[in-house]
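Okay, structure first, notes after.
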């Protein structure tokens, strides 16, 4: 279908969204309700024990968020009526066959749904391997299998991540991953075998009487181990990559769009600037630095940090759905900024210094935290040396003192040991991104931007903006994003 009007495409469409209480899903739902109230239905799949619990989650975790203040102002007292008329909350689980839905609901949906959007995911870099594979890999296939049963389906959209590329360098193209592909040439990647490895490991742990905590750590370590075996840096990117592989393999003639956003940040413009939820990726460093807990920044200062605001990701999703409707193809879009409006890691550090110097964080004792320019650790070797001198060596000394004093320093030793373990894990998980040497080609996304501008008119071009070139990083990061982190994430 040739792209004409995005608003017209959305009109009278029934859209099913998985992961409906997630960060990006909230931004999507708000956008649709605000700009196209003539959408037919929004079916929201929420993981819950029953329908009442799912509805409670929708009300408390979605609609009551400040994100919806603009749509509340637009419709006033009519918003509740609009939601009752347009939104249907379903309790289900993408890790289950038929998404955990009963036969009557499945039959009804199969005749109604036009668009399926899979936003359900676990984004923890070191998630338990069994959970990550169930949600990010098998779950994606389950959602596609559901979409295949929808008689009125015009497009299936899956949100992945640009970092399914692992640590590849240079220009990274918008190409699909084939079943069994690895990033390092290692042969033998087989998703069914991965399931078997997980099953056998869990069985062994249960037979050995392992505690739930031990099982969790073993599953996390297994995920990292399997990911690195085939060239991925962590469990998240590995299981998302395998999810993409399954979608390509099971596609048949279903129109599929895969959106690969880079690092998603707070809203750029709509419904208002600076909204975000939770501490996301680089925000961990923002929070640590602002609170005076980070005296160093691991990572190459010249690394291009690919960032993209959440509202731009959602706009790209909507535009790509409209463009792909009815086309029996698999289209991949990188949604990021490294190609057209790059920002370096050094500049992000400068923004943090600028913001927290002007607006210092107030500590629990009421005093302002004084931030200083952090020590640069531009190589992995520099990171290892710094960690040795500032953390591992003091830990070894404290261990010797503790042993010599009959465990007099036991509490201090355990506290420092936990802190060191946490920091080492953090550095290990984030290193692939802090030393990343790739740039994401966005030719497909650029063509989509041009199509929206040329065929949909100026009003829709402005309504569904997703061109990173319009971002002034100096202004956005200092006055919008970090301010949003402080407002919405710091206190958590």
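In the working numbering, the protein residues as written are 22 to 513.
Think of the CB as a built atom: it goes at the ideal place given N, C-alpha and C, for glycine as much as any other residue.
**Study point:** contact_flag[the stretch 457-466, the stretch 348-358] where n(CB pairs < 8 Å) is 3 or more
**Key:** Contact between the stretch 457-466 and the stretch 348-358 is present, with at least three C-beta pairs closer than 8 Å.
**Study point:** Cβ neighbour criterion (16 or more within 10 Å) applied to residue 291
**Key:** Sequence index remark: in the chain shown, residue 291 carries index 270 (1-based). By the neighbour-count rule (16 or more Cβ atoms within 10 Å), residue 291 is buried.
Check your understanding: Can you tell which of 81, 354, 442 has the C-alpha that lies nearest to the C-alpha of residue 487?
Key -> For the purposes of this step, residue 487 is taken as the residue at position 466 of the chain shown. Among 81, 354, 442, the Cα nearest to that of residue 487 belongs to 354.
Practice item. Give, in chain order, every unbroken run of the beta strand (DSSP E) that is at least 3 residues long and sits entirely within the stretch 176-232. Key: Scanning the stretch 176-232 for uninterrupted beta strand (DSSP E) segments of 3 residues or longer gives 176-180, 191-193, listed from N- to C-terminal end.
Exercise for review: Keeping to the same chain, check which residues put their C-beta closer than 6 Å to that of residue 168; ignore five residues upstream and five downstream.
Suggested key: As a first step, residue 168 must be located in the chain shown, where it is residue number 147. Listed in chain order, the non-local C-beta contacts of residue 168 below 6 Å within the same chain comprise 137, 174, 177, local neighbours out to five positions each way being set aside.
Exercise for review: Give the DSSP-derived three-state secondary structure of residue 173 in the structure shown.
Suggested key: Residue 173 sits at position 152 when you count from the first residue of the chain shown. Of the three classes helix, strand and coil, the one that applies to residue 173 here is coil, per DSSP.
Point to revise | Beta-carbon gap between residue 48 and residue 76 smaller than 9 Å | key: Your numbering for residue 48 matches position 27 in the chain shown. Your numbering for residue 76 matches position 55 in the chain shown. Residue 76 sits away from residue 48, with the two beta carbons spaced by 9 Å or more.
**Study point:** residue 32 versus residue 364: straight-line alpha-carbon distance, rounded
**Key:** Residue mapping note: residue 32 aligns to position 11 of the chain shown, counting from 1. Residue mapping note: residue 364 aligns to position 343 of the chain shown, counting from 1. Our two residues, residue 32 and residue 364, have alpha carbons roughly 37 Å apart in a direct line.
Point to revise | Own chain, CB closer than 6 Å to residue 282, minus 5 neighbours either side, in chain order | key: For the purposes of this step, residue 282 is taken as residue 261 along the chain shown, with counting starting at 1. Only 329, 334, 356 meet the Cβ criterion.
Review point. Since residue 491 is in the alpha helix (DSSP H), which residue starts that stretch and which ends it?
Key: Translated into positions along the chain shown, residue 491 becomes position 470. Boundaries cannot be given for residue 491, as no alpha helix (DSSP H) includes it and DSSP labels it neither H nor E.
Check your understanding: Any idea which residues DSSP pairs residue 355 with across the strands?
Key -> As a first step, residue 355 must be located in the chain shown, where it is residue number 334. DSSP, once it has assigned bridges, lists 281 as partnering residue 355.
Check your understanding: Can you check whether the CB of residue 218 is closer than 9 Å to the CB of residue 160?
Key -> The residue labelled residue 160 in the question sits at position 139 within the chain shown. The residue labelled residue 218 in the question sits at position 197 within the chain shown. Not a contact, by the Cβ cut-off of 9 Å.
Review point. Shorter than 9 Å from the beta carbon of residue 296 to some beta carbon of chain D?
Key: No chain D appears in this structure, which consists of one protein chain only.
Exercise for review: Just the C-alpha distance for residue 336 and residue 148, rounded to the nearest angstrom, thanks.
Suggested key: As a working mapping, residue 336 is identified with position 315 in the chain shown. As a working mapping, residue 148 is identified with position 127 in the chain shown. Looking at the backbone, the Cα of residue 336 and that of residue 148 are separated by about 29 Å.
Point to revise | Test item: CB-CB of residue 372 and residue 503 under 9 Å | key: Position 351 of the chain shown, counting from 1, holds the residue named residue 372. Position 482 of the chain shown, counting from 1, holds the residue named residue 503. Contact annotation: residue 372 and residue 503 have beta-carbon atoms nearer than 9 Å.
**Study point:** Cβ-Cβ distance between residue 263 and residue 325 below 9 Å
**Key:** Looking up residue 263 in the chain shown gives position 242. Looking up residue 325 in the chain shown gives position 304. For the 9 Å CB-CB criterion, residue 263 and residue 325 do not form a contact.
Point to revise | Cβ-based burial, residue 398 [other Cβ within 10 Å; buried from 16] | key: Translated into the one-based positions of the chain shown, residue 398 becomes position 377. Flag for residue 398 reads buried.
Practice item. Answer with buried or exposed for residue 141, where buried requires no fewer than 16 other C-beta atoms within 10 angstroms of its C-beta. Key: Locating residue 141 in the chain shown gives position 120, counting from the first residue. Classification for residue 141: buried.
Practice item. Return yes when the Cβ of residue 163 is within less than 9 Å of the Cβ of residue 123, no when it is not. Key: Along the chain shown, read from residue 1 onward, the residue named residue 123 stands at position 102. Along the chain shown, read from residue 1 onward, the residue named residue 163 stands at position 142. Not closer than 9 Å, so no.
Review point. In angstroms, rounded to a whole number, what distance separates the CA positions of residue 301 and residue 286?
Key: Indexing the chain shown from 1 puts residue 301 at position 280. Indexing the chain shown from 1 puts residue 286 at position 265. A straight line joining the alpha-carbon of residue 301 with that of residue 286 spans about 8 Å.
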